[in-house]
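Heads up, this note's numbering is the position in the sequence shown plus 54, with the first residue counted as 1.
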Amino acid sequence: MSKLTSLYRQLEIIKLAKKGPFDWNQLESHLDKKSGDLNLSISKRTLNRDLKEIEQLFGLIISFDFKSAQYQLNHEESSENHLELLESFETIQAFGRAHKLTGKVFFEPRTARGTEYLKPILEAIENQEAIQIIYEKYWLWELETRVLRPIALKEYLNRWYVMAWNEKDELRFFGLDRIKSLESLLGKVSLPSAPDLESRFMETIGIINDPTEPVETVILTFTEFKGRYIQSMPLHPTQQILINGGTILQISLRVKINYELISVILSHGDEVKVEYPERLKEIVKEKAKNITNSKLL
């Protein structure tokens with residue numbers, strides 16, 4: 055049985071589990087309906103193997119309840135960290151026949167994102183090793199050789215970044231799409247004490263986190279139309295709804311004021327208003343004024 059068939063079957067098991075508890079007969083019936091060109095039939099031994107792989111690959115725990123004789127998704131113990139893998143595979147599944155639908159399915163043009171470096175960087179993090187990279191600085195348009203000690207990876211706006219200690223023991227981000235080559239340097243290296251990364255990432259939108267900047271309450275008001283998008287796709291995990299009065303949506307965030315936050319606000323044009331803090335209002339006002347008064351053209 056091909057690995058592709060196993061992945062298709064596991065995806066259907068996940069979809070069924072997300073709808074609610076199911077028994078063996080329901081599973082067989084569901085897989086039979088979804089088989090199509092693939093044979094998704096299953097034995098209980100294969101199901102047990104699939105459930106283990108679903109947990110390892112997607113972080114979703116589907117267990118059997120002997121009292122009800124049903125399988126069900128354990129929401130409390132399942133991890134949200136791997137659901138992007140599930141989304142990626144669902145996209146592949148949905149558009150697997152896109153080549154037959156020319157003129158019907160349109161993808162965004164994509165450039166190299168440096169994802170080929172994910173595996174060696176993850177291995178360096180796991181083994182506490184250094185990497186040597188050839189890196190291009192966008193603002194200087196030149197290449198430089200850097201030796202880094204990576205400690206984390208972060209995705210933002212469809213780009214991957216590696217957080218690493220540089221040669222001066224400074225914690226910095228490097229975009230994988232700007233790496234031209236990477237060499238793993240074998241041998242364990244010493245690492246300075248790292249900050250609480252989850253807390254650090256929670257403090258900001260994006261990747262820029264100035265330790266001298268405080269975390270502040272930011273209050274934004276959106277038009278009714280734009281507010282629907284902001285509710286369906288929150289700007290930040292700390293987002294709280296203050297007013298949802300039909301004509302407006304007002305939210306609060308607990309973040310640091312940084313370049314990415316300002317960029318997000320400006321991207322919504324005249325459909326957003328900064329209510330608080332005052333200094334953020336002034337920054338956004340000045341940026342908006344500069345757009346029309348730019349001397350670049």
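Idealized CB from N, CA, C, for every residue including glycine.
None of the values given here were measured: they were computed from a predicted structure.
Under a three-way DSSP split, which group does residue i fall into?
i      : result
Leu230 : helix
His260 : One point to set straight first is that residue 260 is Gly, not His, in the sequence displayed. DSSP places Gly260 in coil when its eight states are reduced to three.
Ser317 : helix
Ser122 : coil
Leu251 : helix
Lys222 : coil
Asn312 : coil
Thr169 : helix
Gly241 : strand
Ser306 : strand
Rank the options by C-alpha distance to the C-alpha of residue i and give the top, closest one.
i      : options                           : result
Leu251 : Pro204, Leu58 and Leu81           : Pro204
Thr346 : Val272, Glu329 and Gly323         : Gly323
His290 : Glu190, Leu315, Lys208 and Asn102 : Leu315
Ile273 : Tyr330, Ser235 and Ser122         : Tyr330
Gly168 : Ile185, Tyr215, Arg282 and His129 : Tyr215
Asp77  : Lys121, Leu202 and Arg226         : Lys121
Leu92  : Glu107, Asn79, Arg63 and Asn102   : Arg63
Glu170 : Asp231, Leu111 and Leu197         : Asp231
Ile174 : Glu196, Ala206, Gly90 and Lys72   : Sequence check: residue 174 is Pro here, not Ile. Closest by alpha carbon: Ala206.
Leu245 : Ala123, Ala178 and His129         : Ala178
Once you ignore the five residues that flank residue i on each side, which residues in its own chain have a CB closer than 6 Å to its CB?
i      : result
Gln304 : Thr275, Leu296 and Ile297
Phe118 : Tyr125
Ile187 : Arg200, Ile233 and Leu236
Ser306 : Thr271, Ile273, Gln294 and Leu296
Might you give, ordered along the chain, the residues of its own chain that have their beta carbon closer than 7 Å to the beta carbon of residue i, omitting 5 neighbours on each side?
i      : result
Glu66  : His84, Leu85, Lys88 and Leu94
Val243 : Gln182, Glu183, Ala184 and Arg203
Start and end of the alpha helix (DSSP H) containing residue i?
i      : result
Leu94  : Here Leu94 belongs to no alpha helix (DSSP H), and DSSP marks it neither H nor E.
Thr292 : Where Thr292 is concerned, there is no enclosing alpha helix (DSSP H), given that its DSSP letter is neither H nor E.
Gln110 : Lys98 to Phe112
Glu66  : Lys57 to Lys73
Glu278 : Glu278 to Ser286
Glu82  : Trp78 to Lys88
Assuming residue i is part of the beta strand (DSSP E), what are its boundary residues?
i      : result
Glu340 : Taken as a continuous stretch (DSSP letters only), Glu340 belongs to no beta strand (DSSP E), being part of the alpha helix (DSSP H) at Glu332 to Asn347.
Trp219 : Arg213 to Trp219
Glu190 : Glu183 to Lys191
Val269 : No beta strand (DSSP E) contains Val269, which DSSP labels as neither H nor E.
Pro204 : Glu196 to Tyr210
Excluding the five sequence neighbours on either side, which residues of its own chain have a C-beta within less than 8 Å of the C-beta of residue i, listed in chain order?
i      : result
Val338 : Ile316, Ile319, Leu320 and Val328
Does residue i get closer than 9 Å to chain C when you measure Cβ to Cβ?
i      : result
Tyr313 : Going by chain labels, chain C is absent from the structure shown, which holds only one protein chain.
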